[in-house]
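Q: In our numbering, the protein residues as written are 8 to 167.
1. Nearest to residue 92 by CA position, among 31, 46, 113, is which residue?
2. Using the Cα positions of residue 23 and residue 95, report the straight-line distance between them to the nearest angstrom.
3. So, is residue 36 buried or exposed, given that buried needs 16 or more other C-beta atoms within 10 angstroms?
4. Determine, using beta-carbon pairs with one atom in the stretch 96-113 and one in the stretch 19-33, whether at least three such pairs fall under 8 angstroms.
5. What is the DSSP secondary structure of residue 13, reduced to helix, strand or coil?
6. Roughly how many angstroms lie between the CA atoms of residue 18 and residue 26, to the nearest whole one?
7. Alpha helix (DSSP H) containing residue 20: first to last residue?
8. Apply the 10 Å Cβ neighbour rule to residue 78 and answer buried if 16 or more other Cβ atoms are within range, or exposed otherwise.
9. Taking DSSP as the reference, what is the three-state secondary structure of residue 102?
10. For residue 136, count the other beta carbons within 10 Å of its own beta carbon; 16 or more makes it buried, fewer makes it exposed. Which is it?
11. How about residue 65 and residue 75: are their beta carbons less than 9 angstroms apart?
12. Out of 10, 141, 129, point me to the one whose CA is closest to residue 85's CA.
13. From which residue to which residue does the beta strand (DSSP E) around residue 143 run?
14. Tell whether a beta-carbon distance below 9 angstroms holds between residue 63 and residue 9.
15. Just the Cα atoms here: how many angstroms apart are residue 149 and residue 141?
16. In the DSSP assignment, what residue or residues form a beta bridge with residue 95?
17. Classify residue 7: buried if its beta carbon has 16 or more other beta carbons within 10 angstroms, exposed otherwise.
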């Protein structure tokens with residue numbers, strides 16, 4: 008469902024300027040209407056935030072009842088057994104302005120396979136739990152990946 012909406016919005020971007028403006032205004036009016044309805048539902052009753060679609064709608068309208076830090080911590084708890092099984096761990100350092108900062112621990116710290124471990128386990132878990140996160144940084148700095156930006160710190164022996 009979400010992919011279909013994104014594809015349709017991409018199509019709207021190709022419309023001539025006036026049609027694109029009308030379509031954009033229509034979408035905004037619908038979002039405002041649904042946002043008001045959702046805020047009334049949230050105020051009146053508990054909401055099943057475990058439902059991915061409901062969670063996305065609540066995020067879209069700034070109504071998600073679980074703070075982003077708690078959602079990120081839950082995601083890390085989800086992948087922690089996997090990391091521990093590989094001799095490592097992860098510590099949440101900070102969540103602010105759409106950026107999650109982490110520290111790799113144990114065997115994960117500086118390990119060349121940490122990029123793969125983080126990308127496949129940690130990044131995916133955070134993206135599912137907190138799609139409002141724009142970037143995840145592991146202590147160290149930058150290597151390309153979806154949300155995740157890391158630097159592999161251990162030196163690679165040179166042949167010679």
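No residue lacks a Cβ here, since even glycine has one placed at the ideal position from N, Cα and C.
A: According to the structure data:
1. Locating residue 92 in the chain shown gives position 85, where the first residue counts as 1. Of the candidates 31, 46, 113, the one whose C-alpha sits nearest the C-alpha of residue 92 is 113.
2. The residue given as residue 23 occupies position 16 in the chain shown. The residue given as residue 95 occupies position 88 in the chain shown. Residue 23 and residue 95: Cα-Cα distance of roughly 53 angstroms.
3. As a working mapping, residue 36 is identified with position 29 in the chain shown. Classification of residue 36: exposed, given that the 10 Å Cβ count is below 16.
4. no
5. The residue you call residue 13 lines up with position 6 of the chain shown. Reduced to three states, the DSSP call for residue 13 is helix.
6. In the chain shown, counting from the first residue as 1, residue 18 sits at position 11. In the chain shown, counting from the first residue as 1, residue 26 sits at position 19. For residue 18 and residue 26, the distance between alpha carbons rounds to 12 angstroms.
7. Taking the first residue of the chain shown as 1, we reach residue 20 at position 13. Here residue 20 belongs to no alpha helix (DSSP H), and DSSP marks it neither H nor E.
8. As a first step, residue 78 is located in the chain shown; it is residue number 71 there, counting from the start. Flag for residue 78 reads buried.
9. Your numbering for residue 102 matches position 95 in the chain shown. Three-state DSSP puts residue 102 in a strand.
10. For the purposes of this step, residue 136 is identified with residue 129 of the chain shown, where counting begins at 1. That one is buried.
11. Position 58 of the chain shown, counting from 1, holds the residue named residue 65. Position 68 of the chain shown, counting from 1, holds the residue named residue 75. For residue 65 and residue 75, no; Cβs fall outside 9 angstroms.
12. On the chain shown, residue 85 is found 78 positions in, with the first residue counted as 1. The shortest C-alpha separation from residue 85 is found at 129.
13. Stepping through the chain shown from its first residue, residue 143 is reached at position 136. Run containing residue 143: 142-145, per the beta strand (DSSP E) assignment.
14. Here residue 63 is taken as the residue at index 56 of the chain shown, counted from 1. Here residue 9 is taken as the residue at index 2 of the chain shown, counted from 1. Going by C-beta atoms, residue 63 is nearer than 9 angstroms to residue 9.
15. As a working mapping, residue 149 is identified with position 142 in the chain shown. As a working mapping, residue 141 is identified with position 134 in the chain shown. Bear in mind that a pLDDT of 36 at residue 149, under 50, signals an unreliable position, so the number given afterwards is only what the model happens to contain. About 14 angstroms.
16. Reading the chain shown from its first residue, position 88 is the one you call residue 95. Per DSSP, 113.
17. Any answer about residue 7 is impossible in this case: the structure gives the chain only from 8 up to 167.
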